[in-house]
Amino acid sequence: MSIRPEYPATRKDDSVDVYHGTSVADPFRWLEDDRSAETAAWVGAQNAVTSSYLQGIPFRNALRDRMTSLVDYPRSSAPERRGPWLLFARNEGLQNQPVYYLQAGEEGTAEVLIDPNTLSDDGTTRVAGLTFDGQARYIAYMISHAGSDWQQIQVLDLATRTALPDTIDWVKVSAIAWQGDGFYYSRYPEPAAEDGVFSSKNEDHQVYYHALGTSQADDRLIYHDAEHPQRFHVLGTTEDERFAVLEISDRGQGKDGNAVLVQDARHPELGWLPIWTDFDDQLRVLDNDGDALLILTNRGAPNQRVVRVDPHHPSEDQWQVIIAERDEPLESVHTAGGRLFTLHLRDVTSRVAMHTYSGTHIRDVDLPGLGTAIGFDGERETQTVFYTFTSFTAPATVYKYDLASGVSSVYRAVTLPFDPSQFETRQVFVTSKDGTRVPAFIVARKGLVLDGNNPTLMYGYGGFNVSLPPAFSALRVAFLEQGGVFVQANLRGGGEYGEAWHQAGMKEHKQNVFDDFVAVAEWLIANRYTRSERLAIQGGSNGGLLVGAVMTQRPELAAVALPAVGVMDMLRFHTFTIGWNWIADYGSSADPDAFRYLYAYSPLHNLRDGVRYPATLITTADHDDRVVPAHSFKFAARLQEAHRGDAPVLIRIETQSGHGSSSLGKQIEETADVYAFVFDQMGVTPVFR
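488 is the number of the first residue of the sequence shown in the numbering used here; add one for each residue after it.
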């Protein structure tokens, strides 16, 4: 059904920027002010139109109810073992946030430690991370409200299960790294009231040490670089707390790597020891092995390797390679039981192996199938380690791995309220515009008929070295069981095939990402999985940019476009919050060469008057302080102005939410709206049994 709604009027002003001699109008600039009454009125008017339209879809509420029943099953994270304790998160089914439990040993009784559902009336307060101290006496944890990236650190005494008075505010892009009776953390200065908490640029990242029982005002400044306000400074510690490890990134200057400095607690008089001071390569300290550091790096190895480095003699020619680079990218390395667990990707699925700290290969880990393994983190003295395994048709099941025998056993099984075996996954490889082989996963009901008539939802991301491996979604089943086909395209710009794959989709090569996505869509059509009238394209954040670029470059390709929290203004993204951090992947309009390619694909700037664009449902949130909602506001206003078809252009602005749904309830409601919109535009009426 395509009925063009009556859109609210959107004022235009005369804002113009001049980039290297080119004048670029920005008539909806006023929508960047998310604190103004005029913007609030515009948001209210747009939400009213969108809500009326979506609520008018006759099967929308039935679809929501079906999703609610599909996701109503208990599920747990892999436990983290520290001292006598196991810590894990669990959702009994429909809780807005997972609850954190503490358990004495593998057979002990689990007790509630932190229940975020009690911290807000609407269920939008969540735990964003938590860490034991070295003696497993305390847990420090980060709280996020309403989906914001701003976090607050609080501390629990495990013996008494009581909260300490210690509270740390204005934390963002931070670890919690214990050393002694306190911890390190990273924060920004408190934003000025007139600048706004959720849209002002975040600069001047600083590292502090907090001693338990003291006020934040008394915290000791550990590291501050006033000359480089757009650098991240994140500090961690090795398990034995001997080394404090400071990672510094300079992504605001277009650098994709990081520097590493360490402090040796046995030699504090030496101060910060520079391990690596270049910002072009990535280094991550995994642990220390006595006096040496074990480091995962792509320096000299685009697919990554592990090296041993003497922090007192760190020159590259002294590095010892202990796990060499392979053809398959090394996605991550984890430590447990004095062993290194390597996770490689083979055509986007996990391969795990166990090694000694000297790099000797002990054995490959026999995983339950082709899919995604997450976990393998534990203390040096443990003899067992936990991980989860999932695929598109298997929910995340918790396994226990015995380091001595090499045997995996189910630790926590999952019982679903539906039969996932009715669906199947296949992986295809598509030739992109320049001949590159691009993988994609296709998930559908068994026995799918290839008649070009299947409702198809195609998802992509393609950026920031982020891989999209197989993952289960109970909500997605509501689409699949109606005959829908879900397609996940693994595009250049991601990390699926290592750093070369990433670099092939960044900066001046960003167009490759869009070409890859289009090539997969055209393959699906040519092979009669679907046709343009039954194709929806979806992506979030950098994936929202992907959808915006594809729909402006190829408006006839898909019937429905679903850009979520997208980066739509590629000329001004770096002026908001931590947007400058993305310059390393995108480039900046301040650079003449980068301006030319950014302007060429920026979704906001490539909408053309009189074009029939796909039916579009833009989604964003009022508390998104990562990709600020102004991107979506301006894109929606311009698209409503330019579009000349009958297909609706709607924007759904969630409240009390951030860069992604802030609670399960909100996720269900938004997904129901999205799927209802897709089915409605394709002329599909779901049947519920």
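Backbone N, C-alpha and C fix where the C-beta goes; we use that ideal spot for every residue, glycine too.
- Item | Residue environment, residue 1010, which counts as buried when at least 16 other CB atoms sit within 10 Å | Position 523 of the sequence shown, counting from 1, holds the residue named residue 1010. Counting Cβ neighbours within 10 Å, residue 1010 comes out buried, since at least 16 surround it.
- Item | Option in 672, 724, 752 and 650 with minimal Cα separation from residue 711 | Numbered from its first residue, the sequence shown carries residue 711 at position 224. It is 672.
- Item | Beta-carbon separation (whole angstroms), residue 1143 vs residue 609, contact threshold 8 Å | Along the sequence shown, read from residue 1 onward, the residue named residue 1143 stands at position 656. Along the sequence shown, read from residue 1 onward, the residue named residue 609 stands at position 122. So it is a contact: roughly 6 Å between Cβ atoms.
- Query: Going by C-alpha distance, which of 687, 734 and 728 is nearest residue 694?
  - Reply: By one-based count along the sequence shown, residue 694 stands at place 207. Checked all of 687, 734 and 728; the closest Cα to residue 694 is 734.
- Task: Could you round the C-beta distance between residue 1051 and residue 1023 to whole angstroms and report it? I think they count as a contact, below 8 Å.
- Result: As a working note, residue 1051 is residue 564 in the sequence shown. As a working note, residue 1023 is residue 536 in the sequence shown. No, residue 1051 and residue 1023 are not in contact; Cβ-Cβ is about 12 Å, not under 8 Å.
- Inter-residue spacing [alpha-carbon to alpha-carbon] between residue 897 and residue 888: Taking the first residue of the sequence shown as 1, we reach residue 897 at position 410. Taking the first residue of the sequence shown as 1, we reach residue 888 at position 401. Computed Cα separation, rounded: 9 Å.
- Select from 935, 1002, 856 and 894 the residue whose C-alpha is nearest the C-alpha of residue 923. Locating residue 923 in the sequence shown gives position 436, counting from the first residue. The option with the nearest alpha carbon to residue 923 is 1002.
- Message: Taking the beta strand (DSSP E) that residue 461 belongs to, which residues open and close that run?
- Response: Limits of the chain in this structure are 488 at one end and 1176 at the other, which puts residue 461 out of reach.
- Item | Beta-carbon proximity of residue 551 to residue 1159, cut-off 8 Å | Along the sequence shown, read from residue 1 onward, the residue named residue 551 stands at position 64. Along the sequence shown, read from residue 1 onward, the residue named residue 1159 stands at position 672. For residue 551 and residue 1159, yes; Cβs fall inside 8 Å.
- Message: Looking at the ligand GTP, does it come within less than 7 Å of residue 1173, judged from the CB to the closest heavy atom?
- Response: As for the ligand GTP, it is missing from this structure, which has no ligand bound.
- From which residue to which residue does the alpha helix (DSSP H) around residue 948 run? Walking along the sequence shown from the start, residue 948 turns up at place 461. Taken as a continuous stretch (DSSP letters only), residue 948 belongs to no alpha helix (DSSP H), as it is neither H nor E.
- Message: Considering just the uninterrupted stretch of the alpha helix (DSSP H) at residue 1120, what are its terminal residues?
- Response: To locate residue 1120, count along the sequence shown from 1; it is residue 633. Residue 1120 -> alpha helix (DSSP H) spans 1117-1129.
- How many whole angstroms separate the CB atoms of residue 691 and residue 713, which I take to be in contact at a CB cut-off of 8 Å? If you number the sequence shown from 1, residue 691 lands on position 204. If you number the sequence shown from 1, residue 713 lands on position 226. Indeed, because the Cβ distance is near 7 Å, the residues count as touching under 8 Å.
- With distances taken Cα to Cα, identify the nearest neighbour of residue 1120 among 655, 519 and 513. By one-based count along the sequence shown, residue 1120 stands at place 633. Nearest C-alpha to residue 1120 among 655, 519 and 513: 519.
- Under the three-state reduction of DSSP, which class applies to residue 1090: helix, strand or coil? Against the sequence shown, residue 1090 aligns to sequence position 603. Note: residue 1090 maps to helix in three-state DSSP.
- Task: Determine the burial state of residue 1141: buried for a count of at least 16 other Cβ atoms within 10 Å of its Cβ, exposed for fewer.
- Result: Numbered from 1 along the sequence shown, position 654 holds the residue referred to as residue 1141. Residue 1141 should be labelled buried.
- Item | Simplified DSSP state of residue 606, which is helix, strand or coil | Position 119 of the sequence shown, counted from the first residue, corresponds to residue 606. The answer is coil: DSSP assigns residue 606 none of H, G, I, E or B.
- Task: Please go through the same chain and pick out, in chain order, the residues whose beta-carbon is closer than 7 Å to the beta-carbon of residue 907, but skip the five residues on each side of it.
- Result: Position 420 of the sequence shown, counted from the start, is the residue given in the question as residue 907. Correct list, in chain order: 880 and 881.
- Just tell me which of 1005, 544 and 1156 has its CA closest to the CA of residue 555. For the purposes of this step, residue 555 is taken as the residue at position 68 of the sequence shown. When only C-alpha atoms are compared, the closest one is 1156.
- Message: Taking the alpha carbon of residue 799 as the reference point, which residue from 748, 515 and 820 has its own alpha carbon closest?
- Response: Residue 799 sits at position 312 when you count from the first residue of the sequence shown. Closest by alpha carbon: 748.
- Item | Nearest-angstrom Cα separation, counted from residue 828 out to residue 820 | By one-based count along the sequence shown, residue 820 stands at place 333. By one-based count along the sequence shown, residue 828 stands at place 341. Between residue 820 and residue 828, the alpha-carbon positions lie close to 6 Å from each other.
- Query: Under 8 Å, do residue 974 and residue 1007 count as touching if we go by C-beta distance?
  - Reply: Position 487 of the sequence shown, counted from the first residue, corresponds to residue 974. Position 520 of the sequence shown, counted from the first residue, corresponds to residue 1007. Cβ distance < 8 Å, so residue 974 and residue 1007 count as in contact.
- When the distance is taken between beta carbons, is residue 892 closer than 8 Å to residue 886? Working through the sequence shown from its first residue, we reach residue 886 at position 399. Working through the sequence shown from its first residue, we reach residue 892 at position 405. No, the pair does not count as a contact, with Cβ atoms beyond the cut-off.
- Task: May I ask you to report which of helix, strand or coil DSSP gives residue 573?
- Result: Taking the sequence shown and counting its residues from 1, one reaches residue 573 at position 86. Correct three-state label for residue 573: strand.
- Query: residue 513 and residue 505: beta carbons closer than 8 Å?
  - Reply: Your numbering for residue 513 matches position 26 in the sequence shown. Your numbering for residue 505 matches position 18 in the sequence shown. No.
- By the 10 Å Cβ neighbour count, where 16 or more other Cβ atoms means buried, how is residue 548 classified, buried or exposed? Here residue 548 refers to the residue found at position 61 when the sequence shown is read from its first residue. With fewer than 16 other Cβ atoms within 10 Å, it is exposed.
- Count the other C-beta atoms from every protein chain shown that fall within 10 angstroms of the C-beta of residue 666, then say buried if there are 16 or more, exposed otherwise. For the purposes of this step, residue 666 is taken as residue 179 along the sequence shown, with counting starting at 1. Flag for residue 666 reads buried.
- Message: To the nearest angstrom, how far is the alpha carbon of residue 1060 from that of residue 953?
- Response: Taking the first residue of the sequence shown as position 1, residue 1060 is located at position 573. Taking the first residue of the sequence shown as position 1, residue 953 is located at position 466. Spanning the two alpha carbons is a distance of roughly 20 Å.
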